[in-house]
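Numbering that gives the first Met the number 0 numbers the first residue of the sequence shown as 0 and each following residue consecutively. Working notes, structure below.
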Amino acid sequence: MKYTKEHEWLRVEGDLVVVGITEHAATQLGDVVFVELPETETMV
């Protein structure tokens with residue numbers, strides 16, 4: 000698992016990459032009511 004300085008994490012599972020935020024970031028953000036994601040199969 001890899002972490003960013005912005006408290007995000009990435010985990011590679013075969014051809015898939017799972018992205019999340021740390022518990023610290025979740026606590027600081029409070030309730031997340033909107034998430035903007037790229038189209039599927041978009042290179043990021």
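Glycine included, each C-beta is placed from N, C-alpha and C at the ideal position.
Reference Glu20, options Met42, Pro37, Lys1, Thr41, closest by Cα: Glu is not the amino acid found at residue 20; the sequence shown has Ile there. Closest by alpha carbon: Lys1.
State the beta-bridge partners of Lys1 as determined by DSSP. Leu9
Suppose the cutoff is 8 Å on Cβ atoms and the five residues either side in sequence are ignored; what does the same chain contact list for Ala24 look like? Glu5, His6, Glu7
Could you name the residues that DSSP lists as bridge partners for Leu15? Glu12
Which one of Glu22, Leu36, Pro37 has the shortest CA to CA distance from Asp30? Glu22
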